[in-house]
Every structure is written in structure tokens, then in C-alpha cells.
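These notes are about the structure you will find just below.
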Amino acid sequence: MDFNKILDTWDNWEDFKDKDTVSESRISEKKIRINARIDLHGMTKAEAEKALDDFFKASSRSGYRKVLIIHGKGNHSAGGGVLSKWIKTYLEKCPYAGKSGYAARDNGGKGATWVLIKR
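Structure below.
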């Protein structure tokens, strides 16, 4: 047994992430109360982008922590949902958007996305 390797591993212990801690943070993100919602049903991409820009600015100014974007699943659209696919791209470039994920079933499931607001 190489004692120096053990010491090196011990010194670098903080570099390892605890799986339970990561899981707990994901759980707690989902439990954060939704502060505001926006419904984009029936909007074009251009209309949705303008509405989301205004929504995120207002949410950030209000100190909101978590918001919900209702975009629909696209079940009633020829070719599937346009907005549901586009939302991810929008959130990647939005300076206010932090972590995100599909909403819980009672908040729209895959037809809605929760977003944590960056501080």
C-alpha cells in the first residue's frame, strides 16, 4: 500500500462531489415555490420571445426565485410543438435564466418548464 497515494487522495477529497448532495439540491430546486407564470399558448416564436424577455426582466426586478413557462406540448400543432422545442434554445441565451426542467405533472408536465432566476 502506497501511503503517499492515500495522502494525495485525502488532500484532493474536496474535489469529489457527494452524490447525495447533488440529489438533495435537485430535490430542493423542485420544491422551490413558483413565484410567477407565463402562458405562451397560441404565440409565434417572435411573440413568445418578446413576452419572455419582458417576463424575465420583471421577474428579476421583483426578486422572484422560480418561474413557470407554459408552452404546451404541441399536441394540436401540425409537426409537433414549435415553442416546446424552442424554449431550451431561448433559455440557454437568456441572461436571467438559471437551471431549468420540465414541470411537475400538476403544473403541466412536459408542456411547461420551470426556471430558476439567476441572481
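For the sequence shown, the residue numbers in the numbering used here are 19 to 137.
Even glycine gets a Cβ: it sits at the ideal position worked out from N, Cα and C.
Environment of residue i [buried if 16+ CB atoms lie within 10 Å]
{"i": "serine 102", "result": "buried"}
{"i": "serine 77", "result": "buried"}
{"i": "valine 133", "result": "buried"}
{"i": "glycine 127", "result": "exposed"}
Sub-7 Å separation of residue i and residue j beta-carbons
{"i": "serine 118", "j": "threonine 107", "result": "no"}
{"i": "asparagine 53", "j": "lysine 84", "result": "yes"}
Through-space distance from residue j to residue i, alpha-carbon basis
{"i": "glycine 92", "j": "isoleucine 56", "result": "17 Å"}
{"i": "lysine 75", "j": "tyrosine 82", "result": "10 Å"}
{"i": "methionine 61", "j": "glycine 129", "result": "14 Å"}
{"i": "isoleucine 87", "j": "alanine 66", "result": "10 Å"}
{"i": "arginine 123", "j": "arginine 51", "result": "15 Å"}
{"i": "aspartate 71", "j": "lysine 136", "result": "14 Å"}
CA nearest to the CA of residue i, picked from the options
{"i": "glycine 90", "options": "Lys75, Ile52 and Ala121", "result": "Ala121"}
{"i": "alanine 64", "options": "Lys136, Val100, Gly126 and Ser46", "result": "Val100"}
{"i": "lysine 68", "options": "Lys128, Ile105 and Ile135", "result": "Ile105"}
Opposing strand residues paired with residue i [DSSP bridges]
{"i": "alanine 54", "result": "Val85"}
{"i": "valine 133", "result": "Val85 and Ser118"}
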